[in-house]
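**Q** Below are the structure tokens for one structure; questions will follow.
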Amino acid sequence: MKALVFHGPGKRSWDEVPDPKLQDPGDAVIRVDAVTICGTDLHILKGDVPAVEPGRILGHEAVGTVQEVGPSVTTVRPGDRVLISCITACGRCRFCRESAYGQCLGGGGWILGHRIDGVQAGYVRVPFADTSVHPLPQEVGDEAALMLADILPTAYEVGVLGGRVTPGDVVAVVGAGPIGLAAILTARLFAPSRIIAIDPSGARREAARRQGAHIALAPGENPEGRVRELTEGLGADVAIEAVGLPGTFELCTRLIRPGGRVANVGVHGGPATLHLEELWIRNVTLTTGLVDTHSTPTLLRMLAAGQLDVSGFTTHRFPLGRMEEAYEVFEQASKTGALKVALSRT
Ligand SMILES: NC(=O)c1ccc[n+]([C@@H]2O[C@H](COP(=O)([O-])OP(=O)(O)OC[C@H]3O[C@@H](n4cnc5c(N)ncnc54)[C@H](O)[C@@H]3O)[C@@H](O)[C@H]2O)c1
Ligand SMILES: [Zn+2]
Ligand SMILES: [Zn+2]
3 MKALVFHGPG
13 KRSWDEVPDP
23 KLQDPGDAVI
33 RVDAVTICGT
43 DLHILKGDVP
53 AVEPGRILGH
63 EAVGTVQEVG
73 PSVTTVRPGD
83 RVLISCITAC
93 GRCRFCRESA
103 YGQCLGGGGW
113 ILGHRIDGVQ
123 AGYVRVPFAD
133 TSVHPLPQEV
143 GDEAALMLAD
153 ILPTAYEVGV
163 LGGRVTPGDV
173 VAVVGAGPIG
183 LAAILTARLF
193 APSRIIAIDP
203 SGARREAARR
213 QGAHIALAPG
223 ENPEGRVREL
233 TEGLGADVAI
243 EAVGLPGTFE
253 LCTRLIRPGG
263 RVANVGVHGG
273 PATLHLEELW
283 IRNVTLTTGL
293 VDTHSTPTLL
303 RMLAAGQLDV
313 SGFTTHRFPL
323 GRMEEAYEVF
333 EQASKTGALK
343 VALSRT
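Take a look at the structure:
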């Protein structure tokens with residue numbers, strides 16, 4: 003089969019590699035029907051994720067058809083169409099028993115395209131298939147389902163639920179990439195009174211407005227002042243950090259009111275300053291997190307019922323064989339306007 007292989011920082015190629023085989027009794031081998039690229043794949047290619055060794059097939063967001071299952075797999079069988087999630091769960095360890103699958107101690111967690119070969123390939127081996135893949139209802143198409151492999155559960159769990167968005171809240175979303183946009187979409191489920199998006203890219207501010215942000219500002223347009231104007235000088239109830247830079251984290255802590263919540267979603271490559279000398283008196287709550295994907299079944303049900311419109315996320319489409327071109331378009335998002343790129347077998 004063909005697969006997108008990481009060959010060390012800055013190096014990737016679409017190589018001919020051996021097909022995956024069942025290794026453990028709980029494995030499934032799945033044919034990849036649709037797959038996308040994540041900002042995290044770009045972090046890996048920059049060398050920011052040292053656990054990824056050269057030779058690794060990248061990718062952790064896909065939809066596929068089960069080809070073969072190990073002898074202990076009971077809930078999926080060959081022919082089933084499934085969502086392959088960014089998080090794999092052993093289902094048995096302490097954290098899996100608490101639905102904190104991202105922290106799995108039994109060999110799961112974020113492993114695909116990280117510690118084991120991933121989904122940007124013709125086929126993939128998925129361990130713990132019973133507790134890791136999600137059978138897809140017919141009414142959910144491949145492209146929509148792809149948005150549930152990572153970005154929607156991440157934005158919803160770590161951003162919206164982490165920040166405890168409540169009806170009537172004023173919510174600031176800093177960063178309007180796919181994750182920030184998914185945070186806007188899923189925050190709306192809780193009927194906030196105002197959503198303010200902040201992003202330097204005009205195209206992304208436009209996308210934020212399309213997802214339902216009431217106001218979209220560039221970082222230079224005094225977001226702190228604008229949020230205060232809207233909130234009688236108090237600040238936002240919730241600020242969701244969806245960039246991963248010290249400055250945007252610190253901005254979030256300045257945007258919230260006393261008693262407000264900062265939900266950090268961004269992956270940080272370096273330290274950020276926590277200004278406790280200013281924050282200690284303000285009763286603030288700060289949350290962080292790796293996605294667990296415990297919300298995936300709920301989000302899938304909502305997608306099937308037409309309650310979540312994810313049609314605006316996929317901006318570019320390619321056949322699977324044009325993976326390298328898809329990477330180029332995704333890497334140059336500021337030029338190409340790419341949000342998510344979808345590659346499909348057919
Ligand atoms: N916690 C988790 O489990 C988890 C999972 C997946 C991704 N992430 C992280 O979430 C973050 C967002 O992901 P994404 O795919 O949307 O990334 P992205 O790079 O596509 O989007 C980031 C956005 O931030 C904007 N930005 C840059 N500088 C800014 C500034 N100073 N102020 C405001 N906006 C600014 C960019 O223009 C861009 O639109 C990343 O750090 C990613 O690694 C976290
Ligand atoms: Zn991802
Ligand atoms: Zn586990």
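Counting from 1 along the sequence shown, just add 2 to a position and that's the residue number in the numbering used here. Cβ coordinates follow ideal geometry from the N, Cα and C atoms, glycine included.
Could you tell me whether the Cβ atoms of Val-34 and Asp-144 are closer together than 8 Å?
**A** no
**Q** How many angstroms separate the CA atom of Glu-63 from the CA atom of Thr-38?
**A** 6 Å
**Q** Mind checking Pro-180: buried by the 16 CB within 10 Å criterion, or exposed?
**A** buried
**Q** DSSP on Trp-112, reduced to helix/strand/coil?
**A** Shown here, Trp-112 sits in coil according to DSSP, grouped into three states, outside any helix or strand.
**Q** Please list the terminal residues of the continuous beta strand (DSSP E) segment that includes Pro-260.
**A** 258 to 266
**Q** Mind checking whether the beta-carbon of Ala-131 lies closer than 7 Å to any heavy atom of ligand 3?
**A** Look at Ala-131: its beta carbon is at least 7 Å from all of the heavy atoms in ligand 3.
**Q** Excluding the 5 residues flanking Glu-18 on each side, which residues of the same chain have their C-beta closer than 7 Å to its C-beta?
**A** Lys-4
**Q** Quick check: what's the CA-CA separation for His-136 versus Val-312?
**A** 18 Å
**Q** Confirm the yes/no value for this check: CB of Cys-40, any heavy atom of ligand 3, distance under 7 Å.
**A** no
**Q** Can you find a heavy atom of ligand 2 that lies under 7 Å from the Cβ of Glu-63?
**A** Checking every heavy atom of ligand 2 against the Cβ of Glu-63, one is found closer than 7 Å.
**Q** Would you be able to state if there are at least three C-beta pairs under 8 Å between the stretch 231 to 243 and the stretch 125 to 140?
**A** no
**Q** DSSP beta-bridge partners for Tyr-125?
**A** As DSSP reads the structure, Tyr-125 sits in a beta bridge with Arg-33.
**Q** Given Gly-81, which residues of its chain have a CB within under 8 Å of its CB, disregarding the five upstream and five downstream residues?
**A** Thr-67, Val-68
**Q** Identify the residues that DSSP records as bridge partners of His-318: which are they?
**A** Val-343
**Q** Just grab the DSSP bridge partners of Glu-277 for me.
**A** It should be pointed out that residue 277 corresponds to His in this sequence rather than to Glu. For His-277, which the question treats as bridged, DSSP gives no partner whatsoever.
**Q** Pro-155: which of Ala-340, Leu-302, Val-7 sits nearest, CA to CA?
**A** Leu-302
**Q** Going by beta-carbon coordinates alone, are Ile-414 and Ala-189 separated by less than 8 Å?
**A** In the structure as shown, the chain begins at 3 and stops at 348. Residue 414 is therefore absent and cannot be evaluated.
**Q** Distance check for Pro-73 and Lys-337, CA to CA, integer angstroms please.
**A** Lys-337 and Pro-73: Cα-Cα distance of roughly 48 Å.
**Q** Determine which residues share a DSSP beta bridge with Thr-289 and list them.
**A** By DSSP's assignment, Thr-289 forms a beta bridge with Ala-265.
**Q** With distances taken from each beta carbon to the nearest heavy atom of ligand 3, which residues come in below 7 Å, in chain order?
**A** Ala-91, Cys-92, Gly-93, Arg-94, Cys-95, Phe-97, Cys-98, Tyr-103, Cys-106, Leu-107, Gly-108, Gly-110
**Q** DSSP three-state label for Arg-83, please.
**A** strand
**Q** Distance, Cα to Cα, Val-7 vs Thr-316?
**A** 23 Å
**Q** Which same chain residues end up closer than 6 Å to Ala-220 when comparing Cβ atoms and leaving out the 5 residues on each side of it in sequence?
**A** Pro-202
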